[in-house]
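Below is one structure, written out as structure tokens; comments come after it.
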Amino acid sequence: MNWASRLVAVSALVISLCASAGVASAADDRDFKVSNTGTTPVFHLYVARTSSMEWGYDILGATGTIEPGAAVNVVFKNPSDECIYDVQAVDAEGGSWEAIGLDLCTITVVTLNDKTITWE
């Protein structure tokens with residue numbers, strides 16, 4: 000491979016890396032962090048459109064928890080213009096607490112603290 004061919008190959012690689020980096024860094028406006036500042040672990044976390052009649056699936060999965068002092072990122076993978084969502088957290092005893100009508104397009108952090116939910 001001569002130097003001109005190498006230059007073309009390297010240029011193509013740099014362009015593809017820059018393009019993929021731009022795609023990877025494009026966050027959804029609805030993405031947010033959930034922080035547990037309370038003393039109770041959160042075993043289930045649900046995020047659903049306010050217009051939905053069901054909570055849907057547990058975004059922590061079968062083995063996930065948010066321990067006191069820990070945080071998780073909620074990342075939306077499906078594009079949507081809808082911003083208004085409800086959040087429900089459930090502890091080990093099955094107790095739950097909810098925040099209704101959150102504008103996730105403007106909220107970056109949801110904080111869980113022993114049966115209360117606040118956001119910023």
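For what it's worth, numbering that gives the first Met the number 0 labels the leading residue of the sequence shown as 0, then goes sequentially. Even glycine gets a Cβ: it sits at the ideal position worked out from N, Cα and C.
Starting from residue i, follow the beta strand (DSSP E) in both directions and report where the run begins and ends.
i: Phe75; result: First-last for Phe75: undefined, no H or E at that position.
i: Thr110; result: Val108 to Leu111
i: Ala98; result: Ser95 to Asp102
i: Phe32; result: Correcting the residue identity first, residue 32 is Lys in this sequence and not Phe. Phe31 to Asn35 is the span of the beta strand (DSSP E), which, as asked, contains Lys32.
i: Ala88; result: Ile83 to Asp90
i: Ala47; result: Val41 to Arg48
i: Trp118; result: Ile116 to Trp118
Tell me which residues share the same chain as residue i and place their Cβ nearer than 8 Å to its Cβ, disregarding the 5 neighbours each side in the sequence.
i: Leu59; result: Val41, Phe42, His43, Leu44, Ile65 and Val71
i: Thr36; result: Pro67, Gly68, Thr110, Leu111 and Asn112
i: Cys82; result: Asp28, Arg29, Asp102, Leu103, Cys104 and Thr105
When burial is assigned at 16 or more other CB atoms within 10 Å of the CB, is residue i buried or exposed?
i: Ile106; result: buried
i: Tyr56; result: exposed
i: Ala91; result: exposed
i: Ala61; result: exposed
i: Val46; result: buried
i: Val74; result: exposed
i: Ala88; result: buried
Given this structure, state the Cα-to-Cα distance separating residue i from residue j, to the nearest angstrom.
i: Asp102; j: Ile116; result: 14 Å
i: Met52; j: Tyr84; result: 12 Å
i: Cys104; j: Trp54; result: 19 Å
i: Asn77; j: Ser34; result: 23 Å
i: Ser50; j: Ser79; result: 13 Å
i: Gly94; j: Val86; result: 14 Å
i: Val108; j: Asp30; result: 9 Å
Which same chain residues, not among the five before or five after residue i, have their C-beta less than 6 Å away from its C-beta?
i: Asp28; result: Cys104
i: Lys114; result: Trp96
i: Ala98; result: Val86 and Ile116
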